[in-house]
Amino acid sequence: MHNLKEIRKDFDAFKKSVERRPVDVNFDLLKKLDKENRDFIQKKENLEKEKKDISKSKDESLFKKSKEISKKLDEIIEEQKKTKSELDLILSNIPNIPHSDVPDGKDENDNVEISKSGKIPNFDFKPKAHYEIGEKLKMLDFDLATKTTGSRFVFVKDQLALLERALSNFMLDNHINKNGYQEISPPLIASENTMFGTGQLPKFENDQFEIKFEEGSDKKFLIPTAEVILTNMVKDKIIDLKDLPIRLVASTPCFRKEAGSYGKDTKGMIRQHQFHKVELVSIVENDKCLDELERMTNCATGILDDLKLPYRKMILCTGDIGFSAEKTYDLEVWLPSENKYREISSCSSCSTFQSVRMKTRYKNHNKEIVSASTLNGSGLAVGRALIAVLENYQQKDGSIIVPEVLRPYMNNLEKISSN
RNA sequence: GGAGAGAUGGCUGAGCGGUUGAAAGCACCGGUCUUGAAAACCGGCAAAGGGGCAACUCUUUCCUGGGUUCGAAUCCCAGUCUCUCCGCCA
């Protein structure tokens, strides 16, 4: 969320930067409501002062007047509240401003490739899709999941379940021991306010799984990514400078409705309602934000390098970056069956956008209290990493060579094959 | 599910109708002292919002939302959360 005080300083510049994205925001109304709101506040404060003086004077002859002021005050407060909530609604639906590094563009086709890495494998046979491989091995079962749960879920079995676990543990260990992240095992359910903090609400409620506790209780949601719960760990906090940067990592299931994407990637486990992801979150000083984004992205590419998977690094254009992000790198892994790169990680710098919503601040070197910067990135999506390993390490006979770095996590298993 | 206790500033913790934005301690910052540090002593130290070029000033905030009152952290009602005991349970 944007700081109104800052917006006021140069309204037109603000408008112009937001409009680099495809947005529909009523800026005139925003400006008007802000003015109205401040007028109401002034009126309100004057009356409050008057009332306060009377009560301080303890002059009984004025008590009656004070009562009248109270009535007038009630009306003004009512109007002010209404104006403020309209204002907040507009404000909370405005996305973050793209950083100047971010290229202009309409959609994902306008994202710009930064670099390519790794060797695309050559097969002397036609490479199969991960779901064909998995089903042949009898270690991926989509039909069974349909029976027990519904579409877009999967059962992972035997050595593929072990592989999934190995991927997750390998990534966690790497980020904890090599990259200095603190391991967290968080709740998988978030309150409405928490979801607001990272920007999932109010705009994207339809993508979330809401769960019912009991009638009348507050709304709760299954987390769509650990980013939500990890980032909100610093909600409502003034952080000591000496505690920054904060770096957190968690491996969790993620739950998404993916509204509007039905019909896309219906086959296989590319797009599921539930998937595992290792998530990185950083809370940093504002001038370290973009450096941290590079660092975080390198932590993610490090995993791909270790797994010897071919990938490319993209910078997202203004039309494709997420609501809360000012700048985003996507990492795309090579999938032989599709003969193209697919997203496996997304690392974003959110500047102060989330911390304003969460009221996360720190005291900077000048002892001023300022909003902190937050970042998040996948390091990596475990489900998609499983797909990438299956497809890139597949053999003609349908078996899978286990990437070397994962073998210590799999009882030194070198090859996955049926029976 | 039953029965109690509680929610106050970065933390601990007093206050229980009228200069209380809130005692005290810790932490933190500045100073004196010291070769330096520690200790001791002195001083400072909440946030949000509004107005002002600024110095500054005003308003709000003692879990949340209502109510009583000229006036509420303090009284009343509702809700949320936390803790303890009993029950149940992975």
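Every number in my numbering is 798 more than the matching position in the first sequence, counting from 1. Cβ atoms here follow ideal geometry from the backbone N, Cα and C, with glycine treated the same way.
Selection 1081, 1095 and 1198 evaluated against residue 1158 yields 1081 as nearest (Cα-Cα). Taking a C-beta distance under 8 angstroms as the contact criterion, residue 1086 and residue 899 do not qualify as a contact pair. Judged by beta-carbon spacing, residue 908 lies within the 8 angstroms limit of residue 1115, meaning their Cβ atoms are closer than that value. If only complete runs of 4 or more residues are kept, the segment 1043-1108 shows the alpha helix (DSSP H) at 1087-1104, in order along the chain. Inter-segment contact for the segment 961-973 and the segment 991-999 is absent: fewer than three beta-carbon pairs are separated by less than 8 angstroms. Here residue 1139 is bridged, per DSSP, to 1132. Using a Cβ-Cβ distance cut-off of 8 angstroms, the segment 1169-1184 and the segment 941-948 are not in contact, since fewer than three pairs of beta carbons, one from each stretch, lie closer than that value. Every beta strand (DSSP E) stretch that sits fully inside the segment 993-1030 and reaches 3 residues is listed by chain position as 1018-1020. With contacts defined by Cβ atoms closer than 8 angstroms, residue 1143 and residue 1123 do not form a contacting pair. Considering only 1095, 1102, 1071 and 1045, the residue with the shortest C-alpha distance to residue 1079 is 1045.
In this chain, the beta strand (DSSP E) harbouring residue 1174 covers 1171-1179. In the structure shown, residue 1155 falls within a helical segment according to DSSP collapsed to helix, strand and coil. The residues 909, 910, 911, 912, 1127, 1128 and 1130, in chain order, have a CB closer than 7 angstroms to that of residue 1112 in the same chain once the five nearest residues on each side in sequence are set aside. In this structure, DSSP gives residue 980 an extended state, which the three-state scheme calls strand.
Here residue 981 is actually not in contact with residue 1026; their C-beta atoms are around 17 angstroms apart, not less than 8 angstroms.
For the pair residue 1028 and residue 1091, the CB atoms are not nearer than the 8 angstroms cut-off. Judged by their CB atoms, residue 937 and residue 954 are nearer to each other than the 8 angstroms cut-off. In this structure, 1075 is the residue among 1036, 1075, 836 and 1004 with its C-alpha nearest to the C-alpha of residue 984.
In the DSSP assignment, the residues bridged to residue 953 are 939.
With a cut-off of 8 angstroms on Cβ pairs, the segment 867-886 is in contact with the segment 829-837, counting three or more such pairs.
If you check the CB distance, residue 963 and residue 893 do not come in under 8 angstroms. Apart from sequence neighbours up to five positions away, the residues of its chain that approach residue 1103 with a beta-carbon distance below 8 angstroms are 915 and 916, ordered along the chain.
Judged by their CB atoms, residue 1170 and residue 1009 are not nearer to each other than the 8 angstroms cut-off. A direct Cα-to-Cα measurement between residue 974 and residue 1093 gives close to 14 angstroms. Here residue 1189 is near residue 1133, since their CB atoms are less than 8 angstroms apart. Spatial neighbours of residue 1023 in its own chain (CB-CB distance under 7 angstroms, excluding positions within 5 residues in sequence) are listed in chain order as 1052, 1075 and 1077. With a beta-carbon spacing of about 7 angstroms, residue 799 and residue 1151 fall inside the 8 angstroms limit used to define contacts. The closest CA to that of residue 1175, considering only 1119, 1095 and 1166, is found on 1095. Looking at the DSSP output, residue 988 bridges to 1019. With a threshold of 16 other beta carbon atoms within 10 Å, residue 1073 meets it and is buried.
Beta-bridge partners assigned by DSSP to residue 1111: 913 and 1129. In this structure, residue 852 places its C-beta atom within 8 angstroms of the C-beta atom of residue 860.
A straight-line Cα-Cα distance of about 15 angstroms links residue 1200 and residue 919. Comparing C-alpha distances from residue 1066 to each of 1164, 1186, 1099 and 961 shows the shortest one belongs to 1186. Across the structure, residue 989 and residue 1031 are spaced so that their CA atoms are roughly 12 angstroms apart. Collapsing the DSSP output to three states places residue 1193 in coil.
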